[in-house]
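Residue numbers (my numbering), protein chains in the order written: chain A, 164 to 542; chain B, 164 to 542.
Accompanying notes for the structure given below.
In structure tokens, the structure reads:
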């Protein structure tokens, strides 16, 4: 195996594959990156127990300026190799592999010789027996992930809740996550035949890694789903994730259908007030703030109190308020995550009773995005 | 005590004093910041066992727009207070203290009440019985610190080496540091009477903190020195540090007076080559690289070798080379620190023998700045 490549472009490809490679794994070959060189392209592969990423650098890519001298394969220590490529002196670099699986890396006056591993020992990527194909816009997928990842559980005690539940049905996609204290649900319409149905749970961490690879330059993404794997194809990169096994809880019944009090806020203004109040709750034992809505006086007060340290109180400004008076206490961090996911917009918050979950929806699009937070009992 | 102040300007002053305040101290009052309000100014004080910082905000400072309503004093929990000031909603803020040492902080619609401490319990700052005064340009002091701090010892086994040795004599200042593996020495001329003599050891950490406060807006700095304290006065801030007790080792005799081999490099180019070679040495057990100078062939090779991982070799470009052939092995991290302290310039490296310290000086100003590195025995 022997090739020459433009170093900066190569680094960019390396960074994508690096996401799947953990330096913590005990399986030595998985700390490596696999390089497969054929006549017209170089394929890079990285993998861990959850995800695998494969990216193809074509000789047609002018930025990479890949020149293939002799096809072949090798597995190189990923992190170390990446650091070397970063520090090489010249714009271009060459890699030559000898029969003892050593890579001789040259660039300018510098020559590195590093020990690699036999590529035949590298695990094979899953083969997907796909029954149908779904296309989704890159920015939409990125938004869905950011809006639902916040409510994914980080506790391994109920592994199923560390995933995001994706349902594709009747041409629409619903993504739901809940850590049992809060819930986030997002719906979008997909341009797929109505007979395409899926009900899968994708690990939240996998989607979060995928999300970091999506930027403005990413085209529409193709999704292929099999029994226990999902594949996202973006530009020239394939992103595989395992699926979680089991049945996701029925979240529909958690979302209240009626409400007693409704208030409308600017999401960003409310976020700043919550951030202030949470300064006080964070220093105390109970991370709780209290919202008091007085409809007759048209007054809403947010407060936090930690007797050893002090207290905070703030009159909130709001757009509209109607229904019954209510006092409700909740974890301000859940509210912060929820409000950030709406961005700069108006939100409607609907309460039923002090200890029942309340909902937050964008005022302009109440059907397709909902956040739910369970209050905290303070007495 | 009651005053109103412009929040952003106040934050800037708070940040300076915060440098002296550790949240780790077991003395509760030292986790606090002291506020002293008089008719025409507000003084902020922070302190730990090594340094104390005091800054004065005058009513004449238009950015701060300090309005004094009622003089008084208080000690507030520093980190928490700082976070609150950062998050307040309005451009201005007011603080009012009640008789129970509570501060009521208001800004816009937000009102915080936080518990403070009795200012009479706060320790007094050292009083300096100064025998003379030294002035130094802020950028010169910052450079001296950055050039010598690198060789300060981080080991508490020889506490004296955690300081930087400052000698003022015959109108010139010499700063020296050594961790016994390397040494850095910088000289500057000072505009002081020739009869002013000092020989003091300042904790390296104190100077490093001071250095962070020096920027382009800092005027010349006044230095006052007493038996066991040093005071730096910069603009409206006083920075106190304790001095280290004891006698600093005689470093003059460590610096070789003669050399057998002399080579001249561009500091930045050499730095990049060392960075590459150290990639290899960092993964091995011995963090060592080897420099081989062959005068007859006019060839200089830098190499690193870690048998389990691989090796690296690079032909170095240099400006001039003379004297005897030599092979020398050293810790590349010491060389990196040294080269960075020179910036973009030409340096001259002089060797005597493979196991004797070698020196690095700027080619253009060999008298006033010298770095010394002790090689490593590799056989």
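Each residue gets a CB set at the ideal place from its N, CA and C atoms; glycine is no exception.
Please read all numbers here as calculations on a predicted model, not as lab measurements.
Proximity test, Cβ basis, 9 Å: residue 473 of chain B and chain A: Taking 9 Å as the CB threshold, residue 473 of chain B lines the interface with chain A.
What residues from chain A crowd round residue 478 of chain B, counting only those whose CB sits closer than 7 Å? 272
Three-way DSSP call (helix, strand, coil) for residue 194 of chain B in this model: helix
Report the residue from A:331, A:315, A:330, A:257 whose alpha carbon sits nearest the alpha carbon of residue 324 of chain A. A:315
Rounded to whole angstroms, what's the CA-CA distance from residue 410 of chain A to residue 394 of chain A? Just pull it up for me. If you take the alpha carbons of residue 410 of chain A and residue 394 of chain A, they lie about 21 Å apart.
Residue ranges of each beta strand (DSSP E) run of no fewer than 3 residues wholly in the segment 169-235 of chain B, ordered along the chain? Those beta strand (DSSP E) runs which fall completely within the segment 169-235 of chain B and span 3+ residues are 195-201, 204-210, 214-221, 230-233.
Between residue 268 of chain A and residue 258 of chain A, which are expected to be in contact by the criterion C-beta below 8 Å, what is the C-beta distance as a whole number of angstroms? 5 Å
I want to verify the contact list: residues of chain A whose CB lies under 8 Å from the CB of residue 243 of chain B, in sequence order. Using a Cβ-Cβ cut-off of 8 Å, residue 243 of chain B is close to 442, 446, 472 of chain A, given in chain order.
Residues near residue 515 of chain B by beta carbon distance below 6 Å, same chain, minus five either side: 419, 422, 423
In this structure, does DSSP put residue 497 of chain A in helix, strand or coil? Of the three classes helix, strand and coil, the one that applies to residue 497 of chain A here is helix, per DSSP.
Does the distance from the CB of residue 274 of chain A to the CB of residue 471 of chain B come in under 9 Å? In this structure, residue 274 of chain A keeps its C-beta atom at 9 Å or more from the C-beta atom of residue 471 of chain B.
Helix, strand or coil, according to DSSP, for residue 253 of chain B in the structure here? coil
How many Å lie between residue 174 of chain B and residue 495 of chain B at the Cα? Cα-Cα distance, rounded: 41 Å.
Count the C-beta pairs between the segment 475-490 of chain B and the segment 430-443 of chain B that are closer than 8 Å, then say yes if the count reaches three, no if not. Touching, yes.
At a Cβ threshold of 9 Å, is residue 552 of chain B touching chain A? Outside the shown range of chain B, which is 164 to 542, sits residue 552 of chain B, and nothing can be said about it.
Residue 469 of chain A classed as buried or exposed, judged by whether at least 16 other C-beta atoms fall within 10 angstroms: buried
First and last residue of the uninterrupted beta strand (DSSP E) at residue 467 of chain A: 462-469
For residue 505 of chain A, collect the residues of the same chain with a Cβ closer than 7 Å to its Cβ; drop the 5 residues on either side in sequence, then sort them by chain order. 430, 525
Is there at least one Cβ from chain B nearer than 9 Å to residue 278 of chain A's Cβ? yes
I'd like to know if residue 265 of chain B contacts chain A, where contact means its C-beta is closer than 9 Å to some C-beta of that chain. yes
Does residue 367 of chain A come out as helix, strand or coil in the three-state DSSP assignment? helix
Kindly say whether residue 247 of chain A, judged by its beta-carbon, lies nearer than 9 Å to any beta-carbon of chain B. For residue 247 of chain A, the nearest CB of chain B lies under 9 Å from its own CB, placing it at the interface with that chain.
For the segment 493-509 of chain B, which residues have a CB atom closer than 7 Å to at least one CB atom of chain A, in sequence order? none
Give, in chain order, every residue of the segment 179-194 of chain B whose Cβ lies closer than 9 Å to some Cβ of chain A. Correct list: empty, as no residue qualifies.
Below 8 Å CB to CB, which residues in the same chain sit around residue 185 of chain B once its five sequence neighbours on both sides are set aside? 193, 194, 211
Interface residues of chain A facing residue 282 of chain B [CB-CB closer than 8 Å]: In chain order: nothing, as chain A lies at least about 17 Å away.
Using C-beta distances below 6 Å, list every residue in its chain close to residue 428 of chain A, excluding the 5 sequence neighbours before and after it, in chain order. 481, 510, listed in sequence order.
If you draw a straight line from the alpha carbon of residue 520 of chain A to that of residue 319 of chain A, how long is it in whole angstroms? 24 Å
Throw me the rounded Cβ distance for the residue 353 of chain B and residue 426 of chain B pair, which I believe falls under 8 Å. 33 Å between Cβ atoms; not a contact.
Once you ignore the five residues that flank residue 281 of chain A on each side, which residues in its own chain have a CB closer than 8 Å to its CB? 238, 264
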